[in-house]
Structure formats: C-alpha cells, structure tokens
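Read the structure below first, then the notes.
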Amino acid sequence: MGREVISIKNLTFTYGEGKKPALKNINFNVREGEIVLITGPSGAGKTTLIRCINGLIPHFFRGIMEGDVIVDGVNTRETTVAYLSSKIGTVFQDPSELLISPTVEDEIAFGLENFGYPVDEIERRIEKYIKLARLEKHRNRNPHTLSGGEQQSCVLASVLAVEPNILLLDEPTSNLDPIGSRMFFNLFAQLAKEERKTIVIVEHKLEELLPVADRLVVLYDGEMILNGNPRHLLTDIKKMYKMGLKVPDVTLLFSELREKGLDVKEIPMTVEDAYNILIKILESKKIRPAKGKHTNIYEKENRKEVMPIGNRGEKAEHKPVIIVRDLWHVYPGGIEALKGVSLEIYPREFIVILGQNGSGKTTLVKHFNGLLKPTRGEVIVYGMDTKTVSIAELAKKVGYVFQNPDHQIFSKTVREEIAFGPKNLKLSEEEIDERVAEAARILKIEEYLDENPFNLSWGLRQRVAIASILSMKPEVLIVDEPTTGQDHKTGREIMEILCKLNKEGITIIVITHDMKLAAEYAQRAIVMKEGRILLDGNIRDVFSKIEVLKEAYLMPPQITQLSLKLRKYGVPTALRVEEFIQFLNDMGVI
Amino acid sequence: MAFDYIPGNTWIHRLDPRVKIIMYVVFSIFIIGYSDPTILALLVVCMLIIIKSAKVPFDRFTPILKAITPILILYAVFNLIGYHAPWTPTLLCYLFGHPIYVETIVYIVGMQLRFIGFALLIRLILLVTPIKDLISALTRWKLPPEFALAMGAAVSYLPVLLRETQTTMEAQAARGVEYKTRNPVRALKRYIPVIIPSLLNSLRRAQQIAIAVELRGFTYNPAKRTERKQLKYTALDYMVLGILAVVGAVGLLGSVWIFDWGNYRFTLRLMGWIYKTVSEIISSIF
Chain A
1 MGREVISIKN
11 LTFTYGEGKK
21 PALKNINFNV
31 REGEIVLITG
41 PSGAGKTTLI
51 RCINGLIPHF
61 FRGIMEGDVI
71 VDGVNTRETT
81 VAYLSSKIGT
91 VFQDPSELLI
101 SPTVEDEIAF
111 GLENFGYPVD
121 EIERRIEKYI
131 KLARLEKHRN
141 RNPHTLSGGE
151 QQSCVLASVL
161 AVEPNILLLD
171 EPTSNLDPIG
181 SRMFFNLFAQ
191 LAKEERKTIV
201 IVEHKLEELL
211 PVADRLVVLY
221 DGEMILNGNP
231 RHLLTDIKKM
241 YKMGLKVPDV
251 TLLFSELREK
261 GLDVKEIPMT
271 VEDAYNILIK
281 ILESKKIRPA
291 KGKHTNIYEK
301 ENRKEVMPIG
311 NRGEKAEHKP
321 VIIVRDLWHV
331 YPGGIEALKG
341 VSLEIYPREF
351 IVILGQNGSG
361 KTTLVKHFNG
371 LLKPTRGEVI
381 VYGMDTKTVS
391 IAELAKKVGY
401 VFQNPDHQIF
411 SKTVREEIAF
421 GPKNLKLSEE
431 EIDERVAEAA
441 RILKIEEYLD
451 ENPFNLSWGL
461 RQRVAIASIL
471 SMKPEVLIVD
481 EPTTGQDHKT
491 GREIMEILCK
501 LNKEGITIIV
511 ITHDMKLAAE
521 YAQRAIVMKE
531 GRILLDGNIR
541 DVFSKIEVLK
551 EAYLMPPQIT
561 QLSLKLRKYG
571 VPTALRVEEF
581 IQFLNDMGVI
Chain B
591 MAFDYIPGNT
601 WIHRLDPRVK
611 IIMYVVFSIF
621 IIGYSDPTIL
631 ALLVVCMLII
641 IKSAKVPFDR
651 FTPILKAITP
661 ILILYAVFNL
671 IGYHAPWTPT
681 LLCYLFGHPI
691 YVETIVYIVG
701 MQLRFIGFAL
711 LIRLILLVTP
721 IKDLISALTR
731 WKLPPEFALA
741 MGAAVSYLPV
751 LLRETQTTME
761 AQAARGVEYK
771 TRNPVRALKR
781 YIPVIIPSLL
791 NSLRRAQQIA
801 IAVELRGFTY
811 NPAKRTERKQ
821 LKYTALDYMV
831 LGILAVVGAV
841 GLLGSVWIFD
851 WGNYRFTLRL
861 MGWIYKTVSE
871 IISSIF
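First to last, the protein sequences are chains A and B.
By my numbering, the letter at position 240 of the first sequence is numbered 240, and the numbering carries on one by one without gaps.
Each position in the second sequence, counted from 1, maps to that position plus 590 in my numbering.
Next comes the structure, spelled out in structure tokens:
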C-alpha cells in the first residue's frame with residue numbers, strides 16, 4: 001500500500017442548526033489505492049463524513065468544525081471545493097443531483113472545461129470515458145432522460161474524466177434497480193482493478209462490496225465504532241446486524257452456527273464459500289446428496305405442514321377485490337407498458353411486485369386506483385369498472401402511497417396533512433379528527449401532530465405520507481418502493497407497520513427492489529418483465545425458480561440461493577436465516 | 591415539450607447558431623415594426639417555406655398554435671367592440687346593432703398575424719437548434735459563463751421538474767383531489783397542494799445544483815475556462831448573413847421612413863385600389 005492520501009484527525013462537526021454533533025472525534029487514514037467501505041444506519045454521519053472529505057464542509061455547509069482533514073497533503077480548510085474536486089471525484093445516491101448539462105457529451109466535458117484543459121484533450125477524454133460508461137449511443141441526449149443506471153454511469157464518467165485519484169461514492173446504487181446496480185458495480189470493479197484509484201464508498205448493501213473492500217469502517221451515531229480489515233471484523237457481524245445493517249446472510253448464518261457450537265474455522269461472505277463449507281459439514285454428518293428426485297426432510301416424514309415458518313395465502317374462500325383481465329396499456333408515443341396482464345387480488349393478501357424499472361410495475365398498480373385507465377382489457381375494483389368511476393371514488397377503497405413523501409406533503413402541520421384526504425371525502429369534523437388520531441397512532445407520529453412536516457426527518461415524513469393515505473381508510477393499500485435508499489432497519493420498520501395493517505385486514509401491495517424484505521414479509525410475489533407477468537404465486541415457490549428470476553435480472557436473497565444449492569441434500573427452500581438454522585436443526589446437523 | 595430539437599442536416603440546421611440568432615432578430619424587427627397584415631402575411635409565408643425546407647413536421651407547431659387560439663379569439667372580440675381607427679373609418683356592416691368597420695378587421699388580422707408569426711418563429715428556432723448551441727453562441731458574444739451555466743441547467747432540469755409535478759398531481763389525485771371545476775377561484779385553490787410541493791422541490795433542486803457546480807470545479811478559475819464548442823462561420827453562413835443584412839436594413843428603413851408600410855394603411859390602400867380597379871372594370875363592362 002502506498003502513501004496516505006486522506007488523513008482525518010480528531011474530526012468533530014456540528015451543523016449550524018444542530019445541537020448534537022453529527023460526527024464525534026473521528027480519526028482515520030486512507031492509503032493510496034485502498035478501497036474503504038463505510039457503513040452504518042441512517043443518521044450515523046456517513047454523508048457528513050463524505051462532505052468533510054470533499055470540502056463541502058466547511059466551505060458550503062455551515063457549522064462548527066473541530067479537527068483537520070488533510071487530502072493529498074492539503075488541509076481542506078485552507079483550500080476550495082473546486083480545487084479539491086480536481087483530486088476527488090464525488091458521486092451521490094441520486095445521480096440527477098449531479099447532472100447539470102444539456103447533453104451527455106457536455107456533461108463529461110463540463111469538469112474538463114472548468115479546469116481549462118485544451119479542446120483536443122477534452123475531446124479525447126470524452127471518447128475514452130463515454131466508451132467506459134457505455135453511453136456512446138446516448139451522447140446527444142439530455143442526461144436526465146436516461147435510465148437511473150445510465151444516469152449514474154454518466155455521473156461516474158464525467159467525474160472520472162477529470163482523472164481524480166480519489167473517488168468518494170455516497171450510496172451510489174441505493175436509487176437504482178437491480179440492473180442499474182449491477183451495471184454500476186461492474187464498472188466499479190473494473191475501475192478498482194485497472195485504475196488503482198483510492199475509493200471511499202458508503203453503502204448499505206454489504207454483500208456485493210465486502211469481498212472487494214480492503215477496509216470496513218462502521219459509523220454509529222456519529223462515532224466510528226469499527227475500523228479494520230473486513231475479514232477480521234466478521235466476528236462482529238452480529239453486532240452490526242443488531243445495529244440494523246444489511247449484513248450478508250451467509251456471514252450472519254455462520255456466526256450464528258458458530259455460537260451454537262458448530263466448529264467453523266472461517267466465516268464466509270459469499271454463497272459459493274458458504275456452500276463449500278456446508279457440504280463438508282453435511283458429509284461429515286453422513287448426509288449425502290440424493291439421486292434422482294430429491295425430497296426435503298419434511299416431505300420424507302410426510303408432514304402436512306411443509307414449511308415450519310412463513311405465511312401462506314388465504315385466497316381460496318374469498319372473492320377477489322381486484323380483478324385484472326387482459327390489461328394492455330399504451331402510453332402516448334406508442335410505448336406498450338403492459339401487454340396482456342391478468343391477475344386477481346384477494347382480501348388480506350400481502351403482495352410484493354418485483355421487476356426492473358420499466359417492467360410495468362408502477363403502470364400496473366396505477367390502474368388499481370384509476371390513475372391510469374386501460375387501453376385494452378379491464379380492471380374491476382370492488383365490482384366497479386375503473387373506466388366508469390373517478391379516481392376520487394376509487395380512492396375510498398384503494399390507497400396509494402407514492403415513493404417520495406416530498407411529492408405530496410404541502411401542509412403547515414402534520415395534522416392538516418393527514419386530514420387532507422378525509423376532507424376531500426367530505427367527512428364530518430369529528431370523523432376527520434378521529435381518523436387523524438387513529439392514523440397517527442398506528443404510525444407512531446402522535447407527538448408530531450402539531451409540527452411542521454418539513455422539519456421532520458425523511459423517515460418521519462414517509463410515515464406522515466402513509467398516515468395521510470391511511471386516514472382515508474382504504475381497504476387496499478399500495479406502497480411504491482417504501483424502502484428505496486434507506487437502511488435495512490428503517491426498511492424493516494416500515495414493513496412491520498404494513499404487516500400490522502395487513503393483520504388488521506388491509507390488503508397490502510408493495511412495489512420493491514429489496515428481495516430480502518420481500519422474502520421476510522410477503523406471502524405472494526408477482527414478478528414482472530417487459531410489461532408481462534413472469535411469475536405469480538407464493539413467494540417461496542417464486543423465489544425457488546432462480547433461473548426464471550434471472551431472466552428478470554433478479555436474485556433471491558443469499559440464504560435462499562444457498563438453500564437451493566443444497567436442495568439435493570434435502571434442504572427446503574429458506575427465506576430467512578432463522579429458518580435455515582431451523583432446517584439444519586431438524587436435519588440433525590446441529 | 592418546448593425544447594425538442596429535431597436533428598437534421600438541412601441548410602438551416604447547418605447554420606451557425608449565431609446566424610440563427612441574427613435571423614431571429616431580423617424576423618422580430620418585421621414582426622414588431624409592422625402591423626400591416628399584407629407584410630406580416632408575407633412574413634408568415636416566408637417562415638412556412640423555411641419550416642418546409644427544414645423538414646420539420648408541421649404537427650410540432652400545432653400545440654403552440656392551439657395554445658394561442660384563445661388569445662387570438664379574445665383579442666378579436668375585444669377589438670371588435672373597443673377599437674377605434676384614428677381617422678374616419680369605413681363602415682362594413684352591423685353586428686348585433688354594433689357598427690363593424692373595415693379598419694377594425696384589418697387591424698385585428700394584422701395583430702393576429704403578429705402573434706402567429708412570433709409563435710412560429712420561437713418554435714422554429716428551438717426545433718432546428720440544440721439549446722447548447724444557442725448557449726455557446728451567446729457565450730461567444732461575451733455572455734458570462736455563469737449565465738450560460740444557469741441556462742443550460744434550467745434546460746436540462748426541465749424534464750425532471752415536469753416529471754415531478756406530474757407525480758405530485760397524481761399523488762394528490764390519489765388523495766381525492768378533483769382538479770376539474772368551472773369556478774376559476776376554486777380551481778386555483780385545488781392546485782395549491784400541487785404548487786407547494788413542486789415549488790419546494792425546485793428550491794431543493796436549486797441548492798443541489800449549487801453543490802454540483804462546486805463539486806464539478808466550476809469556480810476553479812472561471813476566467814480561464816475552456817469553451818469546447820468552437821464556432822466558425824462557413825460560406826453558407828456568410829451568404830445568409832448577407833441576405834439578412836439587406837432584408838433587415840430594408841425592413842428597418844421601411845418601418846421608419848415609409849410610414850405607410852409601418853401602419854396597416856398599406857393594406858387599406860391596396861384594398862381601396864383593388865376595390866376601385868375592380869369596380870372600374872365592372873362599370874366599363876356594363
């Protein structure tokens with residue numbers, strides 16, 4: 001490893017309006033060519049740390065800064081953000097925040113123009129980096145009209161074009177769908193291998209990054225609580241899991257197994273490694289792969305209840321609440337977003353809809369409350385044909401929570417915001433008050449009722465948004481990507497609330513990219529691809545069809561992948577780590 | 591969308607953006623300097639020829655023409671009632687007991703052609719010129735780079751802001767807002783839940799742009815910034831510039847010196863002359 005390129009000494013920072021420091025006494029150094037992975041729950045100070053390195057703190061965000069940050073021998077206090085940006089490239093979670101030029105070419109050229117490079121050098125670098133980002137076809141397009149993954153590649157290309165030796169990546173894939181994430185990680189892996197850049201990356205998704213990271217830093221409540229080689233820190237994995245971090249399933253599994261007394265020398269991070277260790281353990285217990293058709297332990301014992309844990313749908317005896325028959329939707333301009341979708345949704349189901357951006361998920365659910373009307377086919381909601389009733393009428397039955405709470409919050413107080421929907425339903429004052437109180441209670445935001453929603457944190461604003469739909473007492477609740485860009489703990493909290501509502505009798509439909517949360521909470525999964533339904537059924541069945549999922553560019557959680565690989569040993573499909581341990585227990589392995 | 595450049599390789603596409611801006615100015619001189627329907631009609635025909643030769647499908651102009659139609663109609667109605675020619679007018683007929691004069695009609699047609707001319711002109715220039723070319727033309731004319739940056743960012747963010755506003759409208763519709771109402775005050779009130787989040791979002795975007803600009807090194811040394819787009823006049827540009835210079839000069843002089851042209855009296859005289867000639871011919875026949 002080379003010389004130190006970033007060195008942080010006794011860094012403490014408090015934002016101008018804040019009372020509590022966002023970072024407390026941080027000390028660490030980054031050497032040239034190192035890949036440093038920073039993680040921690042929401043609000044731990046990760047973004048603040050990034051801002052301290054690229055100079056936005058103290059030059060853009062005001063506050064009290066103690067200690068020093070030295071980048072490439074220069075103290076960030078004594079220089080400008082623009083100067084630092086010639087050495088450091090920054091990439092944010094939302095790529096659209098960094099795209100400011102009318103075309104992709106201009107975007108890549110922008111930084112180079114600013115640093116005064118000659119025109120022919122600028123042209124040469126545009127060609128080099130536009131190729132690296134695979135955006136040649138889109139060179140004259142407005143970057144904001146590209147897909148999320150392409151936008152992030154465009155940001156990366158334009159940041160790399162200046163050839164900084166340090167890259168700061170702040171949750172670069174959180175807003176992307178699985179294809180977009182993979183596109184970005186591939187580019188990232190290539191960079192790490194070929195260019196030997198120093199990379200500081202903030203991420204929640206540890207599975208992809210732990211194997212390539214040289215160092216793991218964990219922040220919690222503004223403090224650095226772990227710092228070291230990831231391989232040495234894996235024993236702390238349970239601690240990290242309890243903090244709400246998204247640790248790799250197999251790592252968690254093996255640290256649990258070790259606690260249960262199983263002799264595990266090395267804790268794996270990838271499914272492949274975990275598989276190799278496990279088959280040795282199974283063979284040592286005289287469990288061998290079955291030949292021909294393999295049955296799992298429960299089938300062998302002829303038990304009726306095949307799955308010990310997990311939900312099962314209760315459709316059979318009920319009438320469907322939503323019926324979709326051969327639904328086609330064509331947008332103006334001739335884009336066929338839905339191509340003959342048929343499905344039935346039953347009361348009290350908990351459904352996740354999975355698929356890439358542009359696969360038709362949102363277009364489909366927008367038909368359930370009449371925001372979109374079928375081009376062909378029909379959608380029947382509680383016996384009403386959506387073509388003949390207004391959105392306002394359907395809103396009484398079907399609630400729709402949009403992804404970004406800031407797209408709907410407009411009131412001065414949380415109370416008014418939650419009351420807005422019931423007011424539109426022309427309910428009486430008392431009824432409205434009652435409903436506001438109830439929705440606030442369910443979402444645990446009672447204490448904020450008289451506060452201005454704009455002063456609340458993102459997580460609380462999202463709850464306000466859900467409460468403001470819940471107060472309309474819908475029987476079906478659609479939630480669009482509630483967990484995108486949030487840590488595992490916050491995502492879980494929202495899913496827990498939805499789960500509670502589901503138990504109270506509300507049908508829940510969630511659009512998500514988070515396969516892990518889907519596996520943990522849903523009963524039924526619908527997988528979409530290119531405007532059609534690829535898979536629809538019990539989530540366990542859907543997730544065991546790994547080859548079909550791959551067609552939709554989806555991957556089930558690590559633990560499911562591992563259980564599928566071990567199918568021939570009699571291991572049933574697992575959706576959660578606890579389940580898998582239960583299986584091993586019942587098989588007599590532990 | 592207002593900024594949908596249509597790529598092409600016709601003569602007008604190949605023009606230097608600076609020439610296109612000059613062309614815009616020359617056409618504007620005619621539109622502002624003349625209110626005579628004959629001259630303005632000639633100008634509109636001229637523009638239609640350019641549109642045709644630029645191979646821009648005419649349906650790209652229908653939205654803006656539709657948008658100005660209510661203005662055209664309102665304008666006509668108000669002036670039919672309220673316009674008075676500065677001299678003794680010629681009576682044409684009576685409408686609901688109100689006298690309609692020839693002068694009023696000619697005046698209205700002239701003003702409507704002005705609106706149409708402007709609408710076509712703005713659309714035409716933006717359809718055949720990528721916005722970044724317009725910006726580099728202005729930068730070449732010593733527009734400070736800060737302005738160029740602001741214009742470029744505004745254009746590139748437009749689809750984002752439109753998309754977000756659309757989402758907000760849908761989110762509020764899902765909460766039972768019905769936008770359609772005949773009462774304009776109520777309509778405005780119903781849009782408040784859309785306007786406030788959209789406004790706040792654009793403010794948030796503005797701060798993000800400020801950060802992005804810093805992080806991409808814009809303030810590094812603005813005076814020594816490279817301009818990648820090098821503009822150079824070609825023979826075609828010089829030719830068009832020459833034509834524009836002559837036409838522009840004639841137009842300007844015509845508007846200033848030959849008073850009759852700058853006013854709609856030219857059309858009146860033309861009509862008078864046609865009327866006289868036709869009636870002479872008719873009377874000579876009988």
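Beta carbons: idealized from backbone N, C-alpha and C, even for Gly.
Given the structure is predicted, the values throughout are model-derived calculations rather than measurements.
- For E417(A), the secondary structure class from DSSP, reduced to helix, strand or coil, is helix.
- The CB of E97(A) comes closer than 9 Å to the CB of R795, Q798, I799, I801 and A802 in chain B, given here in chain order.
- By the CB criterion at 9 Å, I508(A) and L501(A) fall inside the cutoff.
- Contact check for K260(A) against I590(A) passes: the beta carbons are separated by less than 9 Å.
- Residues of the stretch 472-495 of chain A with a C-beta atom less than 8 Å from some C-beta of chain B are M472, listed in chain order.
- Taking K529(A) as reference, the option from F61(A), L364(A) and K242(A) with the minimal CA-CA separation is L364(A).
- The secondary-structure analysis by DSSP pairs N369(A) with nothing; it has no beta-bridge partner.
- The three-state secondary structure of H688(B), taken from DSSP, is strand.
- Among the residues of the stretch 349-372 of chain A, those with a Cβ less than 7 Å away from any Cβ of chain B are N369 and L371, in the order of the chain.
- In the pairwise beta carbon analysis, the stretch 342-352 of chain A is classified as touching the stretch 516-531 of chain A: at least three pairs are separated by under 8 Å.
- Y400(A) is a Cβ neighbour of D480(A), given a cutoff of 9 Å.
- Spanning the alpha carbons of R51(A) and D214(A) requires a straight line of approximately 22 Å.
- If you keep only unbroken beta strand (DSSP E) runs of at least 3 residues inside the stretch 461-528 of chain A, you get 476-480 and 507-511.
- The continuous alpha helix (DSSP H) containing I277(A) extends over residues V271 to S284.
- A direct Cα-to-Cα measurement between L168(A) and R780(B) gives close to 44 Å.
- Classified as exposed, S869(B) has fewer than 16 neighbouring CB atoms from the shown chains inside 10 Å of its CB.
- Taking C-alpha positions only, L655(B) is separated from T386(A) by approximately 34 Å.
- Residue-level contact check: N404(A) touches chain B, since one or more beta carbons of chain B fall below 9 Å from its beta carbon.
- Taking a beta-carbon distance threshold of 9 Å, E760(B) counts as an interface residue toward chain A.
- What L425(A) touches in chain B, judged by beta-carbon distance under 9 Å, is G766, going in chain order.
- F420(A) reaches chain B at Q762, R765, G766, V767 and P783, counting residues in chain order whose Cβ is nearer than 9 Å.
- By the Cβ rule, the stretch 191-211 of chain A counts as touching the stretch 162-180 of chain A, because three or more pairs are nearer than 8 Å.
- A buried status is given to N369(A), since no fewer than 16 other beta-carbon atoms sit within 10 Å of its beta-carbon.
- A467(A) has a beta carbon lying at 9 Å or more from every beta carbon in chain B.
- Rounded to whole angstroms, the separation of the alpha carbons of V609(B) and L831(B) is 7 Å.
- Within chain A, no C-beta atom comes nearer than 7 Å to that of V718(B); the closest sits roughly 15 Å away.
- In the three-state DSSP reduction, M829(B) falls in the helix class (H, G or I).
- Not one beta carbon of chain A lies nearer than 9 Å to the beta carbon of F620(B).
- The C-beta distance from P607(B) to T719(B) rounds to 6 Å, short enough to fall under 8 Å.
- Per the coordinates, the alpha-carbon of A738(B) lies some 38 Å from the alpha-carbon of V330(A).
- For I799(B), the enclosing alpha helix (DSSP H) starts and ends at P774 to L805.
- The beta strand (DSSP E) runs of length 3 or more contained entirely in the stretch 187-219 of chain A are, from start to end of the chain, 198-202.
- The beta carbon of F737(B) sits no closer than 9 Å to any beta carbon of chain A.
- Listed in chain order, the non-local C-beta contacts of I712(B) below 7 Å within the same chain number zero, local neighbours out to five positions each way being set aside.
- Under DSSP, I38(A) shares a beta bridge with V202(A) and V217(A).
- The C-alpha of G707(B) is placed about 13 Å away from the C-alpha of T659(B).
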